[in-house]
Amino acid sequence: MLHPIPHQYEHEEPIVEVKGVTCGYDGTPILNNVDLTVNRGDFVGLLGPSGSGKTTMLKSILGAVDIFSGQILVEGISINTKNPRVGYVPQLETIDWNFPVTVEQVVMMGRTSYSRLLPWYKNSDKQIVHEILERLSIAHLSKRHIKELSGGQQQRAFLARSLVSNPRVLLLDEPTMGVDIKTRDEVMHLLDELNHQDVTIIMTTHEINSVAAHLPTVVCLNGEIVAAGAPKDVLTPATLKLTYNADLHVTEYEGMTLVTESPHFFGRNAGTSQNSNSHYSEHN
Amino acid sequence: MFAPFEYEFFIRGIVVSTLVGALCGLIGVYIVLRGMSYIGHGLSHAIFGGAVVSYIMSINFLIGASIWGFLSAMLINLTSRRGKIGADAAIGIVTTSSFALGVALISKFKTFTRSFDAALFGNILGVTDVDVIAIVFVGIVSATAIFLGYKYLLFTTFDPEVAQYHGLPTGWIDTLFTLILAAVIVVSLQVLGVTMIAAAIVIPPVSARILTNNFGTMMMLSVAIGGFCGLGGLYVSYYIDISSGPSVVLFSATLFFLTLGYSSFKELIRNLGVRN
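Residue numbers (our numbering), protein chains in the order written: chain A, 7 to 290; chain B, 150 to 425.
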């Protein structure tokens with residue numbers, strides 16, 4: 007699987023600074039007093055249970071949630087002053103795959119805010135889109151309907167849409183959710199490549215072992231930041247207990263930190279399995 | 150075959166019906182793709198209330214009903230944004246209340262001289278010169294706005310959340326679109342009637358969607374199908390002597406089922422080809 011090595015820079019240059027931020031929706035805070043600094047070239051995974059504020063964290067950087075206190079800077083400028091130059095890739099399950107658009111049309115959307123009030127795009131926009139499609143190896147699919155692509159290709163198409171505005175930071179909401187192991191591997195390698203091309207990446211994930219453990223930096227969230235750092239430092243039983251409110255075990259395999267659960271045996275064979283102490287066998 | 154074209158009223162009617170059909174087909178693409186099919190039905194009912202109020206207050210019907218329709222659509226948006234109420238429920242509440250107000254006013258003020266049957270089911274013979282001018286004006290303004298804003302409307306229709314993050318003024322785009330929709334429904338009322346407009350808005354784009362996977366092609370096909378249904382529906386209504394609204398809708402529905410049959414047949418042939 008993947009062992010990304012983050013792009014190394016000679017000095018740390020903060021690109022996203024979240025300073026004492028409390029934010030949420032309709033007057034209800036979801037994240038409380040969050041402090042986080044992401045440096046240029048970082049590749050960060052946000053971990054946490056459902057409702058812990060992972061997506062809210064991404065949306066706060068986009069300026070799409072109510073900030074009750076604190077401030078967020080992108081490239082040193084407050085997001086209240088200027089729209090941040092940030093790319094966003096939503097969860098693919100939110101996409102209407104029956105919508106009549108081709109890959110090229112989807113990617114061109116990323117240039118809309120730079121275009122004139124006319125139905126067609128400038129040649130320079132088309133050139134940028136073509137270059138990104140080539141870079142992500144989907145140029146040959148540009149005239150295909152989005153539904154005709156594989157999971158990995160679909161993710162590439164939406165990554166391309168976010169990249170055509172040349173963002174310094176890329177935010178991805180669960181880019182590997184619901185895809186098979188091969189597609190997940192493909193997506194993570196692609197993100198790793200982009201990271202090495204000077205794109206700072208912040209992504210949410212539910213997959214601790216197959217995704218988060220491979221990233222250089224992990225942030226555990228549960229309404230606030232529980233811990234942040236390298237997986238081997240962050241993925242500890244104590245941190246995971248605070249994050250998920252569950253007893254999880256941590257082990258190592260070939261230098262990689264892996265999180266495991268206590269063994270459970272469900273179903274009709276539970277009584278005949280190794281789990282002789284199961285609830286089922288006690289009653290039979 | 151050309152007998153009806155000997156009458157001036159029929160020629161005017163068929164031009165108006167074709168224009169209204171094409172206009173509904175144009176706006177319908179965005180309505181269907183935004184998952185708002187029910188709003189066409191609801192807004193036409195709401196506008197009926199506005200039409201009655203305009204009549205009682207001696208306000209020009211086109212202006213009064215357009216403002217009423219626009220405000221109803223904005224009220225639906227506001228209500229559904231409260232979070233606990235879905236858009237479908239908000240449409241049900243706002244538009245039915247408005248329709249009920251119209252009916253209540255009609256029964257209260259029994260001095261009405263206007264034919265509200267025509268408002269409900271459409272009457273092409275009642276189309277005046279002012280109506281024709283209004284249809285042409287709304288048609289030109291709507292087509293120009295949709296032409297110029299094509300990219301913006303496409304992005305906000307496909308992915309409104311991300312369009313907002315890309316700096317597009319999604320709120321303004323939605324407001325402008327709502328205004329256009331209300332105006333299109335108002336000018337279509339006389340031809341199609343309150344109860345028939347929804348079908349004229351939904352059937353052409355759905356038929357076009359069956360035929361293509363490309364957004365631009367879908368728009369052109371939808372306009373063509375809508376215009377053709379307006380023309381064909383009115384032509385048929387002359388011979389079978391029914392109101393223009395139901396005739397256009399039944400003509401559209403027939404075309405839709407033919408399109409569906411053609412598409413299914415094509416798929417069957419393709420599948421058989423793959424197996425062999």
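Backbone N, C-alpha and C define an ideal beta-carbon position, used for all residues, glycine too.
Using CA coordinates, which residue listed in the options is at the minimum distance from residue i?
i             : options                    : result
residue 252/A : 200/A, 265/A, 184/A        : 265/A
residue 85/A  : 93/A, 66/A, 134/A, 98/A    : 66/A
residue 130/A : 58/A, 117/A, 18/A, 124/A   : 117/A
residue 96/A  : 143/A, 165/A, 74/A, 75/A   : 165/A
residue 146/A : 109/A, 177/A, 167/A        : 109/A
residue 28/A  : 58/A, 68/A, 73/A           : 73/A
residue 196/B : 244/B, 153/B, 226/B, 238/B : 244/B
residue 24/A  : 32/A, 187/A, 76/A          : 76/A
residue 232/A : 247/A, 35/A, 221/A, 190/A  : 247/A
residue 93/A  : 33/A, 219/A, 22/A          : 22/A
residue 237/B : 381/B, 184/B, 417/B        : 184/B
residue 307/B : 323/B, 234/B, 293/B, 294/B : 323/B
residue 154/B : 292/B, 234/B, 254/B, 388/B : 388/B
Between residue i and residue j, which are expected to be in contact by the criterion C-beta below 8 Å, what is the C-beta distance as a whole number of angstroms?
i             : j             : result
residue 235/A : residue 37/A  : Actually they are not in contact, since the Cβ atoms of residue 235/A and residue 37/A sit about 19 Å apart, beyond 8 Å.
residue 412/B : residue 346/B : Not a contact, Cβ separation roughly 26 Å.
residue 329/B : residue 176/B : 7 Å
residue 358/A : residue 53/A  : Limits of chain A in this structure are 7 at one end and 290 at the other, which puts residue 358/A out of reach.
residue 206/B : residue 327/B : Actually they do not touch by this definition, with Cβ atoms about 23 Å apart.
residue 182/A : residue 217/A : 6 Å
residue 123/A : residue 297/B : 5 Å
residue 258/B : residue 198/B : Actually they are not in contact, since the Cβ atoms of residue 258/B and residue 198/B sit about 14 Å apart, beyond 8 Å.
Give a yes or no on whether 8 Å exceeds the smallest Cβ distance from residue i to chain A.
i             : result
residue 362/B : yes
residue 300/B : yes
residue 310/B : yes
residue 187/B : no
residue 405/B : no
residue 175/B : no
residue 314/B : yes
residue 369/B : no
residue 210/B : no
residue 296/B : yes
residue 258/B : no
residue 161/B : no
residue 426/B : Outside the shown range of chain B, which is 150 to 425, sits residue 426/B, and nothing can be said about it.
With a cut-off of 8 Å, does the C-beta of residue i fall near any C-beta of chain B?
i             : result
residue 107/A : yes
residue 262/A : no
residue 70/A  : yes
residue 148/A : no
residue 268/A : no
residue 63/A  : no
residue 98/A  : no
residue 35/A  : no
residue 173/A : no
residue 89/A  : yes
residue 210/A : no
residue 206/A : no
residue 136/A : no
residue 286/A : Annotation note: pLDDT 41 at residue 286/A (below 50); position unreliable, no value reported.
residue 125/A : yes
residue 66/A  : no
residue 84/A  : no
residue 289/A : Unreliable positioning characterises residue 289/A in this predicted model, as indicated by a pLDDT of 42, which lies under 50. The coordinate reading is nonetheless provided below. Cβ-Cβ to chain B under 8 Å: no for residue 289/A.
Would you list the one or two residues that DSSP bridges to residue i?
i             : result
residue 25/A  : 77/A
residue 258/A : 263/A
residue 31/A  : 34/A
residue 209/A : 51/A, 178/A
residue 195/B : Paired residues: none, contrary to the question.
residue 223/A : 50/A
residue 43/A  : 23/A
residue 83/A  : 80/A
residue 92/A  : 175/A
residue 72/A  : 30/A
residue 151/A : 108/A
residue 233/A : 226/A
Would you say residue i lies against chain C (beta-carbon separation less than 8 Å)?
i             : result
residue 416/B : This model lacks chain C altogether, as its protein chains are A and B.
- Item | Cβ contact (3+ pairs, closer than 8 Å) linking the stretch 34-51 of chain A and the stretch 206-214 of chain A | yes
- Inter-stretch contact at 8 Å, needing at least 3 Cβ pairs: the stretch 138-158 of chain A / the stretch 106-114 of chain A: yes
- Message: Counting beta carbon pairs with one atom in the stretch 79-95 of chain A and one in the stretch 54-62 of chain A, are three or more of them shorter than 8 Å?
- Response: no
- Check whether the stretch 171-190 of chain B touches the stretch 313-322 of chain B, taking contact to mean three or more Cβ pairs, one atom from each stretch, closer than 8 Å. no
- Are three or more beta carbon pairs between the stretch 93-106 of chain A and the stretch 153-162 of chain A nearer than 8 Å? yes
- Stretch pair the stretch 155-172 of chain B + the stretch 262-282 of chain B: three plus CB contacts closer than 8 Å: yes
- Message: With three or more beta-carbon pairs closer than 8 Å as the criterion, would you say the stretch 366-382 of chain B touches the stretch 202-220 of chain B?
- Response: no
- Query: Taking one C-beta from the stretch 390-406 of chain B and one from the stretch 184-196 of chain B each time, how about it: are there three or more such pairs within less than 8 Å?
  - Reply: no
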